[in-house]
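A.B. asks:
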Amino acid sequence: MSKINILEPAVFNKIAAGEVVERPSSIVKELVENAIDAGSTQISVEVFNGGISKIIVSDNGCGIEKDDIMVAFLPHTTSKIKIAEDLNNITTLGFRGEALASICSVAKVNILTKTKDAVVGNYVKVFGGEVKETGESGAGNGTVVTVEDLFYNVPVRAKFLKKPKQEEGEITSLMARLILSNPNVAIKYIADDEIIYNSQGTGLYDAIFAVYGKNTITNIIPVNSSGFNYELTGYVSKTNFFKPNRTYQTLIINGRYVTDYLVSQAVSRAFEPYMLKQSFPLFVLNLTIPNEELDVNVHPSKKEVRFSNSQQIFGFVYNSVKDAISQFLANSVVEEFKTTSTKTEQITTTPPPSAPMLEQTKRLLDDIKTNATPFVTPTAQDSLKEEAFTPGEILIDKLQNTSFFNEDNTLKHFEPKPIQQQIISNEVLNNDVELSLKVVGKVFNTFVIVETDDIMYLIDQHAAHERMLYDKLVLSVQQKDVKKQGLLIPYTFDVNTNEYSFINQNITVLNDMGFEIEPFGNNSFKVSTIPAQLADLDIGLFFNGILADLNTFLVLKTEDVLKDRLAQYACKHAVKGGDDLNRDELIALVKKVSTGEMTMQCPHGRPFVVEIKRGQIDKWFKRVL
């Protein structure tokens, strides 16, 4: 009996559709690219319920001839290539003949189209790959494709769709790329009856404004370079304007939006002298290269390409961007000189402020002092008297057995080195400090000397106090008992669609941390308060840090987000090495260390307690062998 079956077209079409139609954004991509290939100058995209319920893509392109409409949705039918050799010179966005057939096999599709020479339009309704109805209808020039009930006939695929808002976010991100890669096409994007983007098709500069807004276009510089039969045009960010992730990077190769790590790295290398860690330059770049040096036939999604000479491409992009940066910096120096010269001339002619102006300024400052939220930073010594730390394990460093003498019997410099960490019983340090521990004193105004039985401990007063403050801050956040510091002027910042969705779904977590944050217009947020313990926080850098791991985070974790900031605060406000603590303060410090309820490392991982057993000291002095 034969075990190999020949699949029915309805079956293999659904299987093949999985390569092209992964989610609603895949459908939007294919339909918009078809509209662009049809010569459209105006395209409208409407989605409902994240594109799961309905997607409508309409254009004013050439339309589909009446004789062609019945075969347009069949597998492997296309007007863009005829023979295999055409694959070596692809200039269109679509070319596989799979998109429309794949979409029709997993959704309910209605196509209404009209060419400019036709009197009336024609339509066809295809449900699950099966033609349900055809006919004539009034229509404008171009094509309207309506896709409804995605995966209605493939429920196993429908289960893997994300929530509607997340699917909408994917479409919004895609539409931004399509607008940037087709700046001379007017593209309108509407989600659930709300206009998200409305590009006028008037060039790349205006397209960047439509997608990213005013703040971005005032912080970009042009790139225009050619060589090796290549051409690179577009914009990159200025040397003081960076983003926390790569979602602000758009690469268009021969008119096609693609993702390519090689080019991204080349741009980053050009910006390397000016960037901080976890920062990425923004760019929208158009790279034009000979078709024979490019392979776009890599994957059905058509987002990946291969270069025949990747090393030369890397060098060309790197040098082009580097030259653009150098030109910008040179122009900036000239402008700064002109501005400085003008200000110098004005200083000699500017009259002093009048008495009423000075009085008005004084009143304004008084109002600020009166209305500002009070914030008092406790002194390091005062904080030693506070109670609160998080349970943890005790880690003590052991000392290496080291000889005091060189081979010629001369005394050598002694540097004990930690060789391993061990867990010691809480019973060693959990009794009353006056009964089990003796605070001998301190050395170098930095290390507290403590004696118990036959062991001596050296405690780094700064690192120990730093750990106590850190544990207290973490506990207050975990218990949602965070004091808030109001901002005199709320801080606002812009994000892209993916970042907006990410922050929006984590607003509750941020509020628990002490931030009062809320949406503020289209793809913007407003911060009104911050945690009082982080009163000197650089808010912009803080949120950049959160968004830097956008692709790995699904949900913000308080301890992940605040760990570094709380550690910095604790380090800044702890007693320092060299601070002259009195005996009461030393005893208070040792008492807290002796509870056995805290990790014996500072938040940065440095141990703050070293034990030296009496037997070791006896060996140093040759009392025992």
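In my numbering, the protein residues as written are 309 to 933. Glycine is no exception: its CB is placed at the ideal position from the N, C-alpha and C atoms.
What does Gln793 pair with, by DSSP beta-bridge criteria?
C.D. replies: The residue given as residue 793 occupies position 485 in the sequence shown. Ile838, per the DSSP bridge assignment.
A.B. asks: Measure the alpha-carbon distance for Thr816 versus Val803 and round it to whole angstroms.
C.D. replies: For this step, residue 816 is matched to residue 508 along the sequence shown. For this step, residue 803 is matched to residue 495 along the sequence shown. Those two C-alpha atoms are separated by around 18 angstroms.
A.B. asks: The alpha helix (DSSP H) that contains Asp940, what's its start and end?
C.D. replies: For the chain, the structure presents residues 309 to 933; residue 940 sits outside this window and is missing.
A.B. asks: Using a Cβ-Cβ cutoff of less than 7 angstroms, which residues in the same chain neighbour Val340 once the five nearest sequence positions on both sides are dropped?
C.D. replies: For the purposes of this step, residue 340 is taken as the residue at position 32 of the sequence shown. The residues are Ile351, Val353, Val365 and Leu486.
A.B. asks: Within the continuous beta strand (DSSP E) that includes Ala574, where are the two ends?
C.D. replies: The residue labelled residue 574 in the question sits at position 266 within the sequence shown. Run containing Ala574: none in the beta strand (DSSP E); it sits in the alpha helix (DSSP H), Tyr569 to Phe579.
A.B. asks: For Gly542, which of Asn553, Asp501, Gln557 and Glu373 has the nearest alpha-carbon?
C.D. replies: Residue mapping note: residue 542 aligns to position 234 of the sequence shown, counting from 1. When only C-alpha atoms are compared, the closest one is Gln557.
A.B. asks: Using beta-carbon positions only, say whether Val428 and Gly450 come within less than 8 angstroms of one another.
C.D. replies: For the purposes of this step, residue 428 is taken as the residue at position 120 of the sequence shown. For the purposes of this step, residue 450 is taken as the residue at position 142 of the sequence shown. Cβ atoms of Val428 and Gly450: not closer than 8 angstroms.
A.B. asks: Since Ile560 and Ser489 are thought to touch, with beta carbons under 8 angstroms apart, how far apart are those beta carbons, to the nearest angstrom?
C.D. replies: The sequence position of residue 560 within the sequence shown is 252, counting from 1. The sequence position of residue 489 within the sequence shown is 181, counting from 1. Rounded, the Cβ-Cβ distance is 4 angstroms, consistent with contact.
A.B. asks: Could you compute how far the alpha carbon of His384 sits from the alpha carbon of Ser413?
C.D. replies: In the sequence shown, counting from the first residue as 1, residue 384 sits at position 76. In the sequence shown, counting from the first residue as 1, residue 413 sits at position 105. With a pLDDT of 48 at His384, under the threshold of 50, the predicted position of this residue should be treated as unreliable, and no value is reported.
A.B. asks: Can you tell me whether Tyr778 is buried or exposed, with buried defined as 16 or more other CB within 10 angstroms of its CB?
C.D. replies: Walking along the sequence shown from the start, residue 778 turns up at place 470. Flag for Tyr778 reads buried.
A.B. asks: Sort out for me which residues DSSP pairs Lys750 with in a bridge.
C.D. replies: Position 442 of the sequence shown, counting from 1, holds the residue named residue 750. Beta-bridge pairing links Lys750 to Val756.
A.B. asks: Does DSSP classify Asn709 as helix, strand or coil?
C.D. replies: Taking the sequence shown and counting its residues from 1, one reaches residue 709 at position 401. Here the model assigns Asn709 a pLDDT of 35, short of 50, so the residue's position is not dependable, and the following value carries that caveat. It is coil, neither helix nor strand.
A.B. asks: Taking the alpha-carbon positions, what's the Lys473 to Lys900 distance?
C.D. replies: In the sequence shown, residue 473 corresponds to position 165, counting from 1. In the sequence shown, residue 900 corresponds to position 592, counting from 1. Cα to Cα, the separation comes out at about 49 angstroms.
A.B. asks: For Phe810, is the classification buried or exposed, using 16 other Cβ atoms within 10 angstroms of its Cβ as the cut-off for buried?
C.D. replies: Against the sequence shown, residue 810 aligns to sequence position 502. When all chains shown are included, Phe810 counts as buried.
A.B. asks: Apart from the five residues just before and just after Asp888, which ones in its own chain have a Cβ nearer than 8 angstroms to its Cβ?
C.D. replies: Counted from its first residue, the sequence shown places residue 888 at position 580. Contacts found: Asn753.
A.B. asks: Using 8 angstroms as the threshold, is the C-beta distance between Asp820 and Lys792 below it?
C.D. replies: By one-based count along the sequence shown, residue 820 stands at place 512. By one-based count along the sequence shown, residue 792 stands at place 484. The answer is no: Cβ separation not under 8 angstroms.
A.B. asks: So for Asp779, helix, strand or coil by DSSP?
C.D. replies: Here the question's residue 779 lines up with position 471 in the sequence shown. Helix, per DSSP.
A.B. asks: Counting only the same chain and skipping the five closest in sequence on each side, list residues whose C-beta sits under 8 angstroms from that of His721.
C.D. replies: Taking the sequence shown and counting its residues from 1, one reaches residue 721 at position 413. Confidence at His721 is low in this model, with a pLDDT of 44, below 50, so its placement is unreliable and no value can be given for it.
A.B. asks: Do the region 407 to 425 and the region 369 to 380 make contact, defined as three or more Cβ pairs closer than 8 angstroms?
C.D. replies: At 8 angstroms Cβ cutoff, the stretches touch.
A.B. asks: For Asn523, which residues in the same chain have their Cβ closer than 8 angstroms to its Cβ, ignoring the five residues on either side in sequence?
C.D. replies: On the sequence shown, position 215 is the one that residue 523 refers to. Once the five neighbours on either side are set aside, the close Cβ partners of Asn523 are Asp802.
A.B. asks: What residue ranges within the region 322 to 374 form continuous alpha helix (DSSP H) runs of no fewer than 4 residues, ordered along the chain?
C.D. replies: The qualifying runs are 332 to 345.
A.B. asks: Roughly how far, in whole angstroms, is the beta-carbon of Val439 from the beta-carbon of Val417, given that I think they are within contact range, below 8 angstroms?
C.D. replies: For the purposes of this step, residue 439 is taken as residue 131 along the sequence shown, with counting starting at 1. For the purposes of this step, residue 417 is taken as residue 109 along the sequence shown, with counting starting at 1. About 10 angstroms; that fails the 8 angstroms criterion.
A.B. asks: Nearest to Thr837 by CA position, among Asp846, Gly829 and Asn831, is which residue?
C.D. replies: The residue given as residue 837 occupies position 529 in the sequence shown. The option with the nearest alpha carbon to Thr837 is Asp846.
A.B. asks: For Pro552, which residues of its own chain have a beta-carbon under 6 angstroms away from its beta-carbon, when the five flanking residues on both sides are left out?
C.D. replies: For the purposes of this step, residue 552 is identified with residue 244 of the sequence shown, where counting begins at 1. The residues are Asn852, Leu855 and Ala856.
A.B. asks: Nearest CA to the CA of Gly443: which residue from Asn492, Met378, Glu502 and Pro463?
C.D. replies: The sequence position of residue 443 within the sequence shown is 135, counting from 1. The shortest C-alpha separation from Gly443 is found at Met378.
A.B. asks: Based on Cα-Cα distance, which residue from Ala772, Glu919 and Gly923 lies nearest to Gly913?
C.D. replies: Taking the first residue of the sequence shown as 1, we reach residue 913 at position 605. Considering only alpha carbons, the answer is Ala772.
A.B. asks: Could you tell me the boundaries of the beta strand (DSSP E) in which Phe591 lies?
C.D. replies: Along the sequence shown, one-based indexing puts residue 591 at 283. Where Phe591 is concerned, the enclosing beta strand (DSSP E) stretches over Phe591 to Thr596.
A.B. asks: Would Lys880 pass as a contact of His770 if the rule is Cβ separation under 8 angstroms?
C.D. replies: Position 572 of the sequence shown, counted from the first residue, corresponds to residue 880. Position 462 of the sequence shown, counted from the first residue, corresponds to residue 770. Contact flag unset, no.
A.B. asks: Under three-state DSSP, which class holds Gln586?
C.D. replies: The count along the sequence shown starts at 1 and reaches residue 586 at position 278. Correct three-state label for Gln586: coil.
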